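One structure is given below, encoded as structure tokens.
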Amino acid sequence: MPDLANDFSLKVYNAIQESNRIGYSPTVITTILRSYDAVSVAKKLIKSGTIQSGFKKLSGLGRIDLSFESIMLESDFCSLFTKEELRAAEWRLSSLK
């Protein structure tokens, strides 16, 4: 599982780099990731119940694929999260439609 968590972190960091490239700089998340691992951050964001501004910004840029929610739901990473967390990620993504 540690390797999978590391792979998830790498995917998140790559998404952050791509976000920066397209004009969105997720500074708050980048700061949080200096203190906590990406899996823990994803779980915390999902549990908050709040739709974060970065999620909305990525949606507006047509790049919701770069969000924690989208990455969580990738088949490679689902096992890192509970069913409830995955359902919350799905709900958040569906709320954009």
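To convert, note that position 11 of the sequence shown is 10 in numbering that gives the first Met the number 0; the numbers rise steadily by one, no gaps.
The beta carbon of each residue, even a glycine, is placed where N, CA and C say it ideally should be.
Just so it is clear, the structure is predicted and the values come from calculations on it, not from any experiment.
Cβ-Cβ separation, residue j to residue i (assumed contact under 8 Å), whole Å
i     : j     : result
Asp2  : Asp75 : With 8 Å as the limit, Asp2 and Asp75 do not qualify as a contact, their Cβ atoms being about 11 Å apart.
Ile50 : Ser93 : Not quite, the Cβ-Cβ distance comes to about 12 Å (not below 8 Å), so this is no contact.
Ala14 : Asp36 : About 15 Å separates the two Cβ atoms, so there is no contact after all.
Nearest neighbour of residue i, chosen from the options [CA to CA]
i     : options                       : result
Leu57 : Ser93, Leu79, Tyr23 and Lys10 : Tyr23
Ser39 : Asn19, Phe67, Lys55 and Ile21 : Phe67
Ser18 : Ser52, Leu65, Ala4 and Glu84  : Leu65
Gly53 : Lys82, Ile63 and Arg20        : Ile63
Gly59 : Trp90, Ile21 and Lys46        : Ile21
Ala87 : Phe80, Ile15, Ile45 and Met71 : Ile45
Lys55 : Ser8, Val11 and Arg91         : Arg91
Met97 : Lys42, Val27 and Gln16        : There is simply no residue 97 to check, as the chain begins at 0 and stops at 96 in what is shown.
Leu9  : Pro25, Lys82, Thr26 and Leu32 : Leu32
The alpha helix (DSSP H) enclosing residue i, as first and last residue numbers
i     : result
Tyr12 : Pro1 to Arg20
Leu92 : Lys82 to Ser93
Ser69 : Phe67 to Met71
4-residue-minimum alpha helix (DSSP H) runs that sit fully inside the stretch 25–54, ordered along the chain:
For the stretch 25–54, whole alpha helix (DSSP H) runs of length 4 or above, ordered along the chain, are 26–32 and 37–46.
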